[in-house]
Every structure is written in C-alpha cells, then in structure tokens.
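Read through the structure below, which is laid out as structure tokens, and then see the notes.
2 protein chains.
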Amino acid sequence: MSITVVGSVAYDSIETPAGRRERCLGGAATYFSLAASFFTDVRVIAVVGDDFGPEQEAVFAARKIDTRGIEHTAGKSFFWEGSYLENFNEAKTRNTELNVFASFEPKIPNAYRDSDFLFLANIDPVLQRRVRESMPGVKLVAGDTMNYWIKDHRPALLEVLKGLDVLLINDTETRMIAGNNNLLQAARAVMALGPRFLVVKHGEYGATLFHEIRPKGERAELRTFRAPALPLEQVIDPTGAGDSFAGGFFGYLASQPELTPGTFRRAMFYGSVMGSFACECFGTERLQQLTRPEIDERFHVFRQLTHLD
Amino acid sequence: MSITVVGSVAYDSIETPAGRRERCLGGAATYFSLAASFFTDVRVIAVVGDDFGPEQEAVFAARKIDTRGIEHTAGKSFFWEGSYLENFNEAKTRNTELNVFASFEPKIPNAYRDSDFLFLANIDPVLQRRVRESMPGVKLVAGDTMNYWIKDHRPALLEVLKGLDVLLINDTETRMIAGNNNLLQAARAVMALGPRFLVVKHGEYGATLFHEIRPKGERAELRTFRAPALPLEQVIDPTGAGDSFAGGFFGYLASQPELTPGTFRRAMFYGSVMGSFACECFGTERLQQLTRPEIDERFHVFRQLTHLD
Chain P
3 MSITVVGSVA YDSIETPAGR RERCLGGAAT YFSLAASFFT DVRVIAVVGD
53 DFGPEQEAVF AARKIDTRGI EHTAGKSFFW EGSYLENFNE AKTRNTELNV
103 FASFEPKIPN AYRDSDFLFL ANIDPVLQRR VRESMPGVKL VAGDTMNYWI
153 KDHRPALLEV LKGLDVLLIN DTETRMIAGN NNLLQAARAV MALGPRFLVV
203 KHGEYGATLF HEIRPKGERA ELRTFRAPAL PLEQVIDPTG AGDSFAGGFF
253 GYLASQPELT PGTFRRAMFY GSVMGSFACE CFGTERLQQL TRPEIDERFH
303 VFRQLTHLD
Chain W
3 MSITVVGSVA YDSIETPAGR RERCLGGAAT YFSLAASFFT DVRVIAVVGD
53 DFGPEQEAVF AARKIDTRGI EHTAGKSFFW EGSYLENFNE AKTRNTELNV
103 FASFEPKIPN AYRDSDFLFL ANIDPVLQRR VRESMPGVKL VAGDTMNYWI
153 KDHRPALLEV LKGLDVLLIN DTETRMIAGN NNLLQAARAV MALGPRFLVV
203 KHGEYGATLF HEIRPKGERA ELRTFRAPAL PLEQVIDPTG AGDSFAGGFF
253 GYLASQPELT PGTFRRAMFY GSVMGSFACE CFGTERLQQL TRPEIDERFH
303 VFRQLTHLD
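This is the structure we're talking about:
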C-alpha cells in the first residue's frame, strides 16, 4: 500500500569528524521517502525553490518516488547547516534558513488521496493537522515532531497527537511532552494523548517500541520492544538516521498484509537497518546506492545481534 | 562451578530522586556475590572494619556466600557517598573514605583455591594482578576497572588485561582505554590487549558483548550481541547495577557445563536481569529478597523485549 509523506526537502551543509559536505540533498521527507521506497510506493508533499533541479529530481525518480506533490516556488529551498564534531548523537545547528519553507502550504494532489498510509514528518503541527484532516481515509498515520514545537506550540501539537496512530520521537522529546523523566511513565503519558504506538529513538543505542495489548478479558498492558542500533565500523554522518528509521519502519508496515504486533516488531528492525545505512555516507548517498538484498542481509545481522538462538 | 570474587565490601550513603539512605551495605563484591549466588557458589575476598557485624554477615549467609575470605581489621569499612539527583546513569561522588580498604592485601583462603571462575572487581590493578597470579588454575577470569585506573595506572592495568578472558566496563571506559571514540574500533583495540570477550555496559540502554569467532578456515570475525536494559516503572537506586550485571553474567556462565557463544548470549540476558532488579530498591535490598522464579520470569520478559517471534 502506498504512503504519502509530508515534510521538508532541503539542502544540508554537514560537518562530522569524517569530513565536511556542502549543500547535500536532505530534509526529513527526502530521507524518509528514499528509505520507505525499498518497501512500498511513496508520494511526497513538500516545497522547494529554484535551486531544486533535474539532478535532485532524478534522485527521487531513481527510486520511483512520486514527486507530483513537491511544489516548486520562486526562491531558495530550506537550508540547514550543522555539526557533529562534539557529539555524534546530536547535531549542533549552525544555521537554519527556512526560505520557501517559511510559507509552506501543503497541497495534496488528487492522485495521492487513495494512500492508505500517511507520514507527517517534523513540520509545524498546524500543517501536520491540516494534512491529516485532508486525508480522512488513511488506514495508519504516523508522525514526528521536535523540541521547538513541544515547547512553544504545545496546543497545536496536542491536536496532532490525537490524530496519530504512531508517534516517532527521541528520549528527550518523550520526556518533554510527558514532563516525566522516567521513560516508561513518560511513554504511558504520551500514549494517553493519542498514539497507540510510540517509538522512542535512542540514537546509537537503538529504539524502543511501546504499544498496548489487551489480552481477552484482561486489563490492558504496556508492551515494549527494543531494537538496537548496529555498532558501525565508521559513522560518517548521522544526519537523517531518524528519518531513515521512520522510512524503513513505516515502509515495511505499509508493505505488509496485516498489522500484527509481530509486524511492528519486524518494522522496528527494518527501521534500524535503514537508520544504520544512512550513517555510512554523507547525506543520502548510501540510501541512493542501496539494494534490497543488502537490506535483507543487514536484517539478518540485526537478528544475530539480538537473538539468543 | 564456584566463583571467587575479590573486591570491595562497603557502606554507601545514597541520594536519588526517590529518596536517601544512610550507610547501606554495598561495595562491588557485595552486589556481585549476591547476584551470582542465585546461579552458583560464591566465595568473597575483601576487607572490612569493626562496623561490619553479624547483621551484615547474615546478608551473605542467607545466600550461602562463603565469607571466609573477608578479613576483619581494626578501623572502619570503605565508605562511599553519592548522588544521582542530576543523572540516573552516572553517580556524582560526594565523598569517598577508603578506611581499611586503603591497605587491603587480598589473602586467598586455601578453601578458595579450587575455584574455576575468578572475578576481579574494580580495585587497584596491582592487587587484581596479584590475585590472578595466585590462582593460576582458574578456567575463566573476568574483571572490571574504572576511569581512575585507566588514566593514572595504565601500565598496571595493561598487565591485568593480559590475564583476563572477559572485561566488563562501560562505554566511556572502553573509549578511554582505546583512545578511540568509535565503539566498534575501540572494542577491537581493547580486545587486542588481552580479553577475548568484552562486555560494554550502556547504563539504561543495556550492554553489548563483543567476541571473536573464527569459522573454520576463515578469518576471525568480531561478533556483537546487544542485551537491552529493561525500562523500569520506577528506578529507585542504580547503585550496584553494573556489579549485579556482572554477578548475573558470570554466575550464569559458572553454572553452565559448556561455554559456547550461546551460553555467553544468555549470560548477557541474566546479567541484564540482575541489573534490573538491583535498581528496584535502595542498596542490595531487592537482591536480598529475590527468588529464582522471579529471575526466570524476568529472563522471559527480556526475551519478549528483544525477540521477533
């Protein structure tokens, strides 16, 4: 089943201990859709400027990603500059230029309206909600957010959470939304705000899935599933690892006939697989070169990394 | 098979967001031996002062731990005071009084000499080495260390590493020993100094086992296995969680007829199980009350937390 994703398509200048790259193609929607495209059809809603040309278009086309929802406007695309010199788990932002993204009004092409899966990448919750409400027929909605929206746009964010089935955020964001430092208690509090599934990302330590199961006639019970991150021989650039995780996770879900708890557990592994590949080169380079057999091979590595037998 | 452990038996005053306790029975050898005692016979080598009496002795006796190697001398026992108010993953030391521990000269009772397993808890590497050399017949030796020895006693520590089969340390210590920030490369570097097995503890994120396997006729290959930590409803006191992990890990190994890679993977789970229990009460309270069925039940929870099927 196809996924519609709304989010940023951007240029990133990145510095890591492995080097520096200027104006790589980036943005949450880019990483997400490249990662998800290995599992299912993906349709993107975003806005770009005059600096987005045939070369960038070709990156999406090579993965058969539908870009009819990428609006081209006069001006420059969203630009971000960040450094991981001090900490590989968290970027230090040096510069953010919203450019054409500042007046982004997501427009949903009619051809996208039969999508069964919707991913709301990290953008203004007012826009996330508008897109959610324009696609009432979707089967599963997942979303991301960040500290800025949690701190300063809480009422709008709470409205978005009500309409989400799955929320993917990191430890700090989980604790911030809940106002509780205990991860398990914080997870419960966040899920009480809407999402039935919560994926908490731990950077180099992997991610935890929280979801409720309700055995027949028994009280609901919070189940947790932990997928590790792969210790990599060399981390080149962690930019987009979280969005690639989301793409692998959601892409796998959308490719499956049934959404059982087991499907979600395997989705956590596919998310981790895609996140690990994203770190191996600057920007989206590794995702562009990736093949499906490599993905399946790494899924097997994750199994070996975690399973007793 | 029985384990001999050498390390500290101490009193700890602990402050955490859950409260404060004065002079709990603590010390690495205490946590280790309580945790390991659920799996196999344990014998302790340590030194205590006049403040260690029948009440403390009874804690060891209740778990059938051999305390003939605990030397009683005039003076006060090792005392540590620490706080987790700012960070649950790392204690802030407020006070350390070595007391009788300052002149600790480990003496190995003859009755301990047939031990097959030896655990060198975090003490001066000169003493670790002396104990190691006094027990040449042991089958498997594991050890721990800390930043202080790594920074200021490196030559002595390197001698200890040569004699270890298993080293259990945390992320920061691994990176410090190796002088390398990449965990996988650092693990390789540490293992090149001696230990065939390296367990890197990640606090609330679990622990990773690194070990070499050498498939017939192929090049040696570094295998990794990640055991998560359990997200707990309430963390009361993380003191001793790492030593309890070591006790569960090494105790399980000592209880098994064969040391296969699978045995080591299961040992990682038993380590995580014991570490999780240690955090549920102040000091050693939870380990004192624990039962074997509770351990097996929690092992099952760890399986659910990590396994796809």
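Heads up: the protein sequence lines correspond to chains P and W, in order.
The numbering of the first sequence is my numbering, which starts it at 3 and goes up by one.
The numbering of the second sequence is my numbering, which starts it at 3 and goes up by one.
Every residue, glycine too, gets a C-beta built ideally from N, C-alpha and C.
- Only Phe227, Arg228, Ala229, Pro230, Ala231, Leu232, Pro233, Leu234, Glu235, Gln236, Val237 from the region 227 to 259 of chain W bring a Cβ to less than 9 Å from some Cβ of chain P.
- Closest in alpha carbon position to P:Val11, among P:Glu73, P:Val275, P:Ser39, is P:Glu73.
- Around the beta carbon of W:Gln236, a 10 Å sphere encloses fewer than 16 other beta carbons of the protein chains shown; the residue is thus reported as exposed.
- Within chain W, the residues placing a beta-carbon under 8 Å from that of P:Asp311 are Gly264, ordered along the chain.
- Counting every other CB atom within 10 Å of its CB across the protein chains shown gives W:Gly273 a total of 16 or more, marking it as buried.
- Neighbourhood of W:Tyr207 in chain P, by CB distance below 7 Å: His204, Tyr207, in chain order.
- Non-local beta-carbon contacts of W:Phe252 in its own chain, meaning distances under 7 Å to residues more than five positions away in sequence, involve Ile5, Ala38, Phe119, Phe121, Ala144 in chain order.
- Going by C-alpha positions, W:Leu307 is about 14 Å away from W:Met270.
- Around the C-beta of P:Leu36, 16 or more other C-beta atoms lie within 10 Å, and the residue is accordingly described as buried.
- When the alpha-carbon of W:Pro230 is set against those of W:Ile297, W:Arg96, W:Ser278, the nearest one is in W:Ser278.
- With respect to W:Phe106, W:Leu129 sits close: the two C-beta atoms are nearer than 8 Å.
- Contact of P:Leu169 with chain W by beta-carbon distance below 9 Å is absent, the smallest such distance being about 16 Å.
- Residues of chain P with a Cβ closer than 8 Å to the Cβ of W:Leu186 are, in chain order, Pro233, Leu234, Glu235.
- W:Ala194 sits exposed, since fewer than 16 C-beta atoms from the chains shown fall within 10 Å of its C-beta.
- The three-state reading of DSSP puts P:Lys94 in strand, counting E and B together.
- Taking each of P:Asp52, P:Asp167, P:Arg268 in turn and checking the Cα distance to P:Lys78, the smallest one comes out for P:Asp52.
- P:Arg268 has a beta carbon lying within less than 8 Å of a beta carbon in chain W.
- Put simply, of P:Asp311, P:Ser257, P:Gly250 the residue whose alpha carbon is nearest the alpha carbon of P:Arg300 is P:Gly250.
- Sequence-ordered contacts of the region 290 to 311 of chain P with chain W read Arg305, Gln306, Leu307, Thr308, His309, Leu310, Asp311 [C-beta pairs closer than 8 Å].
- In summary, W:Pro127 is buried, with 16 or more beta-carbon neighbours lying within 10 Å of its beta-carbon over all protein chains present.
- Look at W:Thr42: its C-beta is not under 8 Å from any C-beta on chain P.
- When secondary structure is reduced to three states using DSSP, W:Asp14 falls in the strand class.
- Take the alpha-carbon of W:Ile215 and the one of W:Thr262: they are about 11 Å apart.
- For P:Asp154, there is no enclosing beta strand (DSSP E); the enclosing alpha helix (DSSP H) covers residues 149 to 154.
- Around the beta carbon of P:Gly264, fewer than 16 other beta carbons lie within 10 angstroms, which makes this residue exposed.
- The beta carbon of P:Phe199 does not come within 8 Å of any beta carbon belonging to chain W, so the residue lies off that interface.
- Here the C-alpha atom of P:Ala123 lies approximately 26 Å from the C-alpha atom of P:Pro233.
- It is roughly 9 Å from the alpha-carbon of W:Ile179 to the alpha-carbon of W:Leu160.
- The C-beta of W:Phe279 comes no closer than 8 Å to any C-beta of chain P.
- Put simply, the CB of W:Thr210 is near chain P, with a gap under 8 Å to one of its CB atoms.
- Excluding residues up to 5 positions away in sequence, Glu214, Arg216 lie with their Cβ nearer than 6 Å to the Cβ of P:Ala222 in the same chain.
- Taking a contact as a CB-CB distance under 8 Å, the pair P:Val168 and P:Phe212 does not count as one, their CB atoms being some 10 Å apart.
- When beta bridges are read from the DSSP output, P:Cys26 appears opposite P:Asp14.
- Among the residues of the region 118 to 136 of chain W, none has a Cβ less than 8 Å away from any Cβ of chain P.
- The residues Val8, Pro108, in chain order, have a CB closer than 6 Å to that of P:Val133 in the same chain once the five nearest residues on each side in sequence are set aside.
- P:Ala248 carries a helical assignment under DSSP once its states are collapsed to helix, strand and coil.
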